[in-house]
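Peer 1: Its first residue numbered 1293, the sequence shown is counted upward by one per residue in the numbering used here.
Built from N, CA and C at the ideal position, the CB exists for glycine as well.
Please read through the structure below; I'll follow up with questions.
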Amino acid sequence: MKYPLTVGAMMEHAEKFFPKKEVISQTHDKLHRLTYKEVGKRTRRLMSALDKLGIEQGDKVGTLAWNTHRHLEIYFAAPGIGSILHTINIRLSPEHIIYIINHAEDKIIFVDKDILPLVDKLHPHLPTVKAYVVMTDKEELPENSLPNVYSYEELLQEGDETYPFTRDIDEDSAAGMCYTSATTGKPKGVLYTHRAIALHSYALGLADTAAISESDVAMAVVPQFHVNAWGMPFACTWFGSTQVMPGPRFTPKRLATFIEEYKVTISAGVPTIWLGLLKELDENSYDTSSLRGVLCGGSAAPLSMVRAFEQKYNIPFFHAYGATETTPLATYSRLKSYQQDLSPDERANEKTRQGILVPGLEMKVIDENGEIPWDDETMGELLLKGPWIADTYYKDERSKTAFIDGWYHTGDVVTVDEEGTMKIVDRTGDLIKSGGEWISSVELENAIMAHEAVFEASVVAIPDEKWDERPIACVVLHDQYKDKVAKSDIAEYLKPQFAKFWLPDDYLFVDEIPKTSVGKFLKRELRKQVLEHLNLA
Ligand code: AMP
């Protein structure tokens, strides 16, 4: 049958087949426990409210919100009436948020209570927004100067809990939208079709990827405003998993407590989140035995992190790779059947690689000579295509340089081994060119972070007359090692691991590494700081 895949149908499935399963959600004020039956009804009420407010098919429904059940309801209500869920990164600068809302032409904005003061300031610059909805538990709205402002719960009370999900939707129409957290230039918008989201959800359920299923208690720590929390809210709802949503301004303590209390089986986040959690686990004792997997992506996970999870805490660790443009899951690091007898260290090493391509996608790695050999040495840029890979940016000239001849050019430089296992060695702009040879900043960073005294490290290039560029390492030490570890200790530690020309020219001890709004090293800013420090700016 020619049968359309739609996001609304995913929630209907959960209502019908998993009515008793729960969504556990921390909001500003309290912990909520709702069943999918209740979440389904609330989603329907919200759809009727959106309809009454005049939201039509193709309109953009903006959210500035944390991971909560309300955000989950909007995930299904907006596409459920054929409008487009537009999640906005709350950590971007006000200028970028204004740009994004105006560029997307959002009609309505849902905003969490603690983000309201920001929106209150921005609204004079947002001419397309006709209504604001504050997501709060309280009866009364917090003080604000917004025009046409509604309380989420009041809207729901007046809504119709039998309102139908629109099934008559073209599966190739947009259900969601997200802007990339740009490190240079304006953010770029990506649309996700109903079909892409559904197929991507299936991909998350495959036994050889995240294997998300009904029996999971899933906690997406990755924000719902960052590539749809990597698609977990969609997949988990469809498959009837219990969802644990850590809510506003969560701490590593809250994450560890939730893992213990709700027996979380799978969780997903960026390396910075896991560094924080590991520190919490080191300092306080928790029962994490329920975890069957921790999914890490967004930037490269260092070996020390894989080892800590797998060897110290006995928690299986999975590296996944993707981007805003890829919905995002593209590769997944699960060892093959014949790799299972690797030693613990070999396993950990293998898992620092980003893994193999998820079925359904196609990849190609190219350099100036064409496709590179899969010899684990030659570096090239990764190109992707497939049913959940974007084919353009939303109304953006920059599409021309990223989407060429049916391939998405990721800007990620990788090597591939004979197993087809991919390793990210850098962003095209972050590789260091020294004496005509490439140095991978990521590999150096990972090696430095494997030193027990190191909390985190980032390597950037500085200009060099003789060699063109040379690497400089910025290192944050664990508190207990500060003043006890010298540059030479780190240098000696790296020496046997790399060719001489790869070794950083200097090691700067810093208090922190600047990060992007989604917790990645902000290399541009770090490079600027290093150049200033060395009087090279
Ligand atoms: P974003 O669009 O913010 O999700 O960023 C996507 C980019 O993050 C990719 O193009 C990669 O450069 C980087 N990235 C994502 N996952 C990984 C990973 N597992 N390891 C290394 N880099 C990653």
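1. With DSSP as the reference, label GLU1673 as helix, strand or coil.
2. I need the straight-line Cα distance from VAL1717 to MET1671, nearest angstrom please.
3. So if DSSP puts HIS1611 in a beta bridge, which residue, or which two residues, is it bridged to?
4. Could you round the C-beta distance between TRP1522 and ALA1560 to whole angstroms and report it? I think they count as a contact, below 8 Å.
5. State the beta-bridge partners of ASP1498 as determined by DSSP.
6. Identify whether TRP1699 lies in helix, strand or coil by the three-state DSSP scheme.
7. Please determine if the segment 1330 to 1339 and the segment 1510 to 1522 are in contact, where contact requires at least 3 C-beta pairs separated by less than 8 Å.
8. Locate the alpha helix (DSSP H) running through TYR1834, then write down its first and last residues.
9. Going by alpha carbons, who is nearest to VAL1768 out of PHE1601, PRO1806, PRO1479?
10. Measure the CB-CB distance between ILE1607 and LEU1583 and report whether it falls below 9 Å.
11. Specify whether the segment 1296 to 1303 and the segment 1455 to 1469 touch according to this definition: at least 3 beta carbon pairs, one from each stretch, less than 8 Å apart.
12. Assign GLN1318 to one of three DSSP states: helix, strand, or coil.
13. Cutting at 6 Å between CB atoms, please list the residues of its own chain near ALA1600, excluding the five before and the five after it.
14. Please confirm whether ILE1489 has its beta-carbon closer than 9 Å to some beta-carbon of chain D.
15. Is DSSP giving MET1293 helix, strand or coil here?
16. THR1623 bridges to which residues according to DSSP?
17. Could you tell me which of ASP1803, ASN1738, GLU1638 sits nearest to HIS1770, measuring between CA atoms?
18. Name the two residues that bound the continuous beta strand (DSSP E) containing ASP1637.
19. With a threshold of 8 Å, establish whether the CB of ASP1704 neighbours any heavy atom of the ligand AMP.
20. Using alpha carbons as the reference points, say which of PHE1609, ALA1745, PHE1695 lies closest to TRP1566.
21. If you follow the alpha helix (DSSP H) that ALA1521 is part of, which residue opens it and which one closes it?
22. Around the Cβ of PRO1371, are there at least 16 other Cβ atoms within 10 angstroms (buried) or fewer (exposed)?
23. What first and last residue would you give for the beta strand (DSSP E) that runs through ASP1355?
24. Does the ligand AMP have even one heavy atom less than 8 Å from the beta-carbon of ALA1306?
25. Along the chain, where does the alpha helix (DSSP H) containing GLN1821 start, and where does it finish?
26. Whole angstroms are fine: how far does the CA of ARG1639 sit from the CA of GLN1909?
27. Rounded to whole angstroms, how far is the Cβ of LYS1399 from the Cβ of ASP1351, which I believe are closer than 8 Å?
28. Could you tell me whether the segment 1442 to 1456 touches the segment 1658 to 1675, where touching means 3 or more Cβ pairs closer than 8 Å?
29. I believe VAL1327 touches LYS1312 by the beta-carbon criterion, under 8 Å. Please report the beta-carbon distance rounded to the nearest angstrom.
30. Is GLN1535 near the ligand AMP, going by C-beta to nearest heavy atom under 8 Å?
31. Which word fits ASN1440, buried or exposed, when buried means at least 16 other C-beta atoms lie within 10 angstroms of its C-beta?
32. Is the distance from the Cβ of GLN1318 to the Cβ of MET1524 below 9 Å?
33. At 4 residues or longer, what runs of the alpha helix (DSSP H) sit wholly inside the segment 1377 to 1453?
34. CB-CB under 8 Å to VAL1810, same chain, minus the five flanking residues each way: which ones, in chain order?
35. In the segment 1743 to 1784, which residue ranges form an unbroken beta strand (DSSP E) of at least 3 residues, counting only runs that do not cross its ends?
Peer 2: Working from what's here:
1. Taking the sequence shown and counting its residues from 1, the one referred to as residue 1673 is at position 381. Reduced to three states, the DSSP call for GLU1673 is strand.
2. Indexing the sequence shown from 1 puts residue 1717 at position 425. Indexing the sequence shown from 1 puts residue 1671 at position 379. Approximately 8 Å, taken between the alpha carbons.
3. Locating residue 1611 in the sequence shown gives position 319, counting from the first residue. CYS1588.
4. Against the sequence shown, residue 1522 aligns to sequence position 230. Against the sequence shown, residue 1560 aligns to sequence position 268. Confirmed, about 6 Å.
5. For this step, residue 1498 is matched to residue 206 along the sequence shown. Correcting the residue type first, residue 1498 is Leu in the shown sequence and not Asp. Per DSSP, none; premise fails for LEU1498.
6. In the sequence shown, residue 1699 corresponds to position 407, counting from 1. TRP1699 falls in the strand class under three-state DSSP.
7. no
8. This structure cannot settle anything about residue 1834, because the visible part of the chain is limited to 1293 through 1829.
9. Here residue 1768 corresponds to residue number 476 of the sequence shown, with the count starting at 1. With distances taken between Cα atoms, VAL1768 lies closest to PRO1806.
10. As a position in the sequence shown, residue 1607 is number 315, starting the count at 1. As a position in the sequence shown, residue 1583 is number 291, starting the count at 1. Taking 9 Å as the Cβ cut-off, ILE1607 and LEU1583 qualify as a contacting pair.
11. yes
12. Working through the sequence shown from its first residue, we reach residue 1318 at position 26. GLN1318: strand per DSSP, three-state reduction.
13. Taking the sequence shown and counting its residues from 1, one reaches residue 1600 at position 308. LEU1570, listed in sequence order.
14. Among the chains of the structure shown, chain D does not appear; only one protein chain is present.
15. The count along the sequence shown starts at 1 and reaches residue 1293 at position 1. Residue state, collapsed to three classes: coil.
16. Working through the sequence shown from its first residue, we reach residue 1623 at position 331. TYR1613, LEU1649, per the DSSP bridge assignment.
17. Working through the sequence shown from its first residue, we reach residue 1770 at position 478. Comparing Cα-Cα distances from HIS1770 to each of ASP1803, ASN1738, GLU1638, the minimum goes to ASP1803.
18. The residue you call residue 1637 lines up with position 345 of the sequence shown. No beta strand (DSSP E) holds ASP1637; the alpha helix (DSSP H) holding it covers 1636 to 1643.
19. The sequence position of residue 1704 within the sequence shown is 412, counting from 1. For the ligand AMP, at least one heavy atom lies less than 8 Å from the Cβ of ASP1704.
20. Position 274 of the sequence shown, counted from the first residue, corresponds to residue 1566. Among PHE1609, ALA1745, PHE1695, the Cα nearest to that of TRP1566 belongs to PHE1609.
21. As a working note, residue 1521 is residue 229 in the sequence shown. Counting along the chain, the alpha helix (DSSP H) containing ALA1521 begins and ends at 1519 to 1522.
22. Counting from one through the sequence shown, the residue named residue 1371 turns up at place 79. Label assigned to PRO1371: buried.
23. Locating residue 1355 in the sequence shown gives position 63, counting from the first residue. The residue you asked about is not Asp; residue 1355 is Thr in the sequence shown. That run of the beta strand (DSSP E) goes 1352 to 1356.
24. The count along the sequence shown starts at 1 and reaches residue 1306 at position 14. No - the ligand AMP has no heavy atom lying nearer than 8 Å to the Cβ of ALA1306.
25. On the sequence shown, residue 1821 is found 529 positions in, with the first residue counted as 1. Segment 1815 to 1825, the alpha helix (DSSP H) holding GLN1821.
26. Absent from the model: residue 1909. The displayed extent of the chain is 1293 to 1829, so no value can be given.
27. Residue numbering aside, residue 1399 sits at position 107 when the sequence shown is read from its first letter. Residue numbering aside, residue 1351 sits at position 59 when the sequence shown is read from its first letter. The Cβ separation is near 4 Å, so the contact holds.
28. no
29. Within the sequence shown, numbered from 1, the residue matching residue 1327 stands at position 35. Within the sequence shown, numbered from 1, the residue matching residue 1312 stands at position 20. Strictly speaking, residue 1327 in this sequence is Thr, with Val absent from that position. Yes, they are in contact, since the Cβ atoms of THR1327 and LYS1312 sit about 6 Å apart, within 8 Å.
30. Here residue 1535 refers to the residue found at position 243 when the sequence shown is read from its first residue. No; taking the cut-off as 8 Å, the Cβ of GLN1535 has no heavy atom of the ligand AMP nearer than that.
31. The residue given as residue 1440 occupies position 148 in the sequence shown. With fewer than 16 Cβ atoms within 10 Å of its Cβ, ASN1440 is classed as exposed.
32. Along the sequence shown, one-based indexing puts residue 1318 at 26. Along the sequence shown, one-based indexing puts residue 1524 at 232. Not a contact, by the Cβ cut-off of 9 Å.
33. 1386 to 1396, 1408 to 1414, 1444 to 1450
34. If you number the sequence shown from 1, residue 1810 lands on position 518. Result list for VAL1810: ASN1381, ARG1383, SER1473, PRO1515, HIS1518, VAL1562, GLY1590, in chain order.
35. 1746 to 1756, 1760 to 1769
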